[in-house]
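Structure first, then comments.
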Amino acid sequence: MLGAQRGSSTVDQSFLCSPQLQDRQQQQQQQQQQQQQNQRRARVADDDDVDGAATADGVPQATFVPRDPRVRDGPWSKIDASLVTAAQADAATAARRDVTPTAEGAVLLGQSVEELRELVKGLGHEAYRGQQMYEQLMLSARDPTAKGAHSIADLRTLPPKLREQLEVLGFKTGRSAVHHSVSSPCGTRKLLLQLSEGRLIEAVGIPLDKGSSGSRLTVCVSSQVGCPMRCTFCATGKGGFARNLRAHEILDQVMTLQEVYGRRVTNVVFMGMGEPLLNLPAVSAAYQLLHEGLGLSGRAITVSTVGVPNAIRKLAALKLPVTLAVSIHAPNQALRERLIPSAKVYPIEALMQDCVAYFAATRRRLTFEYTLMAGVNDQPQHARELAALLRSHNMAAHVNVIPWNPVDESEYKRPTNAAVAAFRGVLEKAGVETTLRVTRGLEAAAACGQLRNSFQKQAVPEPQPLR
5 MLGAQRGSST VDQSFLCSPQ LQDRQQQQQQ QQQQQQQNQR RARVADDDDV
55 DGAATADGVP QATFVPRDPR VRDGPWSKID ASLVTAAQAD AATAARRDVT
105 PTAEGAVLLG QSVEELRELV KGLGHEAYRG QQMYEQLMLS ARDPTAKGAH
155 SIADLRTLPP KLREQLEVLG FKTGRSAVHH SVSSPCGTRK LLLQLSEGRL
205 IEAVGIPLDK GSSGSRLTVC VSSQVGCPMR CTFCATGKGG FARNLRAHEI
255 LDQVMTLQEV YGRRVTNVVF MGMGEPLLNL PAVSAAYQLL HEGLGLSGRA
305 ITVSTVGVPN AIRKLAALKL PVTLAVSIHA PNQALRERLI PSAKVYPIEA
355 LMQDCVAYFA ATRRRLTFEY TLMAGVNDQP QHARELAALL RSHNMAAHVN
405 VIPWNPVDES EYKRPTNAAV AAFRGVLEKA GVETTLRVTR GLEAAAACGQ
455 LRNSFQKQAV PEPQPLR
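Here our numbering is used: the first residue of the sequence shown is 5, the next is one more, and so on.
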């Protein structure tokens with residue numbers, strides 16, 4: 005609570021409404037807006053596929069022209085620059101929304117060095133303390149064998165007075181607690197992380213030894229608490245939907261698993277709980293945090309989507325160099341509606357047109373994820389339909405074949421190895437490149453959402469403040 009006292013000391017809260025702090029915040033916002041405009045101009049100038057016309061404020065009014073004439077002349081003919089502007093503004097808001105102190109406190113993880121420097125200056129301390137705070141918050145990001153600051157008390161390089169001020173004001177580091185952990189003999193680990201309000205999310209670590217070429221550690225992160233899409237074969241939707249995750253909560257998942265394994269994360273896939281493109285501002289802000297804080301390149305990050313109207317084009321407009329994985333799971337409209345309820349309002353042809361537009365704007369190959377379920381979508385005719393669907397749309401694509409993971413109380417069954425091999429064979433004979441996702445961590449309740457659901461059958465714990 006503002007103006008709260010601890011022992012005999014009182015923290016002066018007048019800085020919260022001081023004109024000097026407000027002026028600094030306004031100047032910082034203006035500088036960031038100018039930087040965003042300059043970045044947009046630079047991107048537009050370097051893009052051969054962009055037509056630009058200056059608007060009144062000097063920002064290019066760019067339109068991304070798809071190379072495929074079916075898209076260029078169709079109802080989704082252009083990606084308007086307004087999508088670029090709106091998506092970038094949303095991402096900036098998501099990245100910064102927790103920095104302003106309130107009566108409920110604010111989150112430190114995910115803030116830039118400059119933002120933390122401004123914060124400590126407003127509290128009456130030297131600006132370099134903000135750098136110290138950032139380094140301790142991100143310690144495990146740089147050194148996986150170290151443990152980062154999980155509480156304000158862990159910020160030991162800060163003077164006691166500053167730590168006390170942060171605690172009195174209700175600041176939190178933004179790190180979650182490991183509520184439960186399971187592991188499999190292959191090294192896969194699934195964590196249930198408890199958020200500040202007590203809800204649970206899943207994060208999975210998947211190590212892979214590549215022999216002489218090195219090793220990888222892939223982390224599968226959640227983007228929402230639950231999922232509103234309710235795909236019939238997925239456990240996450242059965243647990244309901246609560247809210248979007250914030251950028252720092254996504255970063256926290258990666259940092260926690262890096263601490264658990266004591267080794268550097270090499271790849272991040274947004275394939276956990278939730279629909280990432282329904283939370284695009286936080287996902288794009290998390291991308292920046294992963295890139296700047298952990299040094300991950302865009303090629304090491306994959307964003308998966310079941311398909312949300314207009315969202316794929318917004319992602320293309322952001323020009324994040326990530327891999328897009330589209331969860332298609334069916335080769336025709338009727339079957340897709342049965343598996344994915346949202347397909348009724350976002351037809352498969354509209355989805356494919358958006359994918360073509362994404363490829364035209366980014367020139368990046370798309371992955372199509374296809375979960376095989378016995379007797380449902382795993383027959384040779386389904387493979388032939390899928391091959392025809394992909395060949396009829398002008399884009400670089402490959403199919404990731406995924407044998408279904410068992411889910412409690414589900415009507416679906418896992419296909420046989422022979423059925424999986426036959427399905428892949430039809431695709432490859434038709435000239436479609438395929439990969440087979442190796443099932444790892446089946447013993448660790450690997451089906452997305454299943455572990456969380458087993459715990460959430462109990463009452464959600466009362467919200468506990470994260471220090």
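All residues carry an ideal CB built from backbone N, CA and C; glycine is no exception. Please read these numbers as outputs of a predicted model, since none were measured by experiment.
(message) Going by DSSP, what residue range makes up the beta strand (DSSP E) through G191?
(response) Counting along the chain, G191 falls outside any beta strand (DSSP E), and DSSP gives it neither H nor E.
(message) Given this structure, state the Cα-to-Cα distance separating A347 from M137, to the nearest angstrom.
(response) 46 Å
(message) According to DSSP, I205 sits in a beta bridge with which residue or residues?
(response) L197
(message) Would V436 and A400 be called neighbours here (beta carbons separated by less than 9 Å)?
(response) In this structure, V436 sits away from A400, with a CB-CB distance that is not shorter than 9 Å.
(message) Please tell me whether E373 and V430 are closer than 9 Å, where the distance is taken between their beta carbons.
(response) no
(request) Going by DSSP, name the residue or residues bridged to Y230. (result) According to the sequence provided, residue 230 is Gly. The question's Tyr does not apply to it. In the DSSP output, where bridge partners are listed per residue, G230 has F245.
(message) So for H129, helix, strand or coil by DSSP?
(response) In the structure shown, H129 falls within a coil segment according to DSSP collapsed to helix, strand and coil.
(message) Only counting the same chain, and skipping five residues up and downstream in sequence, which positions put a Cβ closer than 6 Å to that of L390?
(response) P335
(request) Taking S144 as the reference, give the member of L298, A131, A157 and T161 with the closest Cα. (result) L298
(request) Just mark L261 as buried or exposed, buried being the case when its beta carbon has 16 or more other beta carbons within 10 Å. (result) buried
(request) Would you tell me roughly how many angstroms separate the C-alpha atoms of P407 and L159, rounded to the nearest one? (result) 45 Å
(message) Considering only DSSP beta bridges, list what T439 is partnered with.
(response) N404
(request) Report the rounded CA-to-CA distance for A387 versus T192, giving the unit in angstroms. (result) 30 Å
(message) Only counting the same chain, and skipping five residues up and downstream in sequence, which positions put a Cβ closer than 7 Å to that of T161?
(response) Closer than 7 Å at the Cβ level, and outside the excluded window around T161, lie Q136 and Q140.
(message) Rounded to whole angstroms, what is the Cα-Cα separation between A378 and S187?
(response) For A378 and S187, the distance between alpha carbons rounds to 27 Å.
(request) Can you have a look at N409 and say buried or exposed, based on whether 16 or more other CB atoms are within 10 angstroms of its CB? (result) buried
(request) Report all residues from its chain with a CB closer than 6 Å to the CB of L120; omit the five preceding and five following residues, and keep chain order. (result) A distance below 6 Å between beta-carbons, with the five flanking residues on each side excluded, links L120 to the following residues of its chain, in chain order: G134, M137 and Y138.
(request) Could you check if T375 is buried or exposed, using at least 16 other CB atoms within 10 Å of its CB as the buried criterion? (result) buried
(message) I'd like the span of the alpha helix (DSSP H) that includes R167, first residue to last.
(response) P164 to V172
(request) Let me know if R317 comes out buried or exposed under the rule of 16 or more other beta-carbons within 10 Å of its beta-carbon. (result) buried
(request) Ignore the nearest five residues each way along the sequence and tell me which others in R428's own chain have a CB closer than 7 Å to its CB. (result) V405, T438 and L440
(message) Bridge partners for S331 per DSSP, in chain order?
(response) According to DSSP, S331 bridges with E373.
(message) Suppose you measure from the CA of P384 to the CA of R340; what does that come to, to the nearest Å?
(response) Rounded to whole angstroms, P384 to R340 spans 17 Å at the Cα level.
(message) Pop quiz: V326 and Y291 are said to be a contact at Cβ under 8 Å. What is the actual Cβ separation, rounded to whole angstroms?
(response) Rounded, the Cβ-Cβ distance is 7 Å, consistent with contact.
(message) Restricting to Cα atoms, I'd like to know which of Q357, D147 and H129 is closest to K165.
(response) The shortest C-alpha separation from K165 is found at H129.
(message) Suppose you measure from the CA of R203 to the CA of C224; what does that come to, to the nearest Å?
(response) 18 Å
(message) Quick test of your reading: S227 and P280, contact by CB under 8 Å. State the CB separation rounded to the nearest angstrom.
(response) 4 Å
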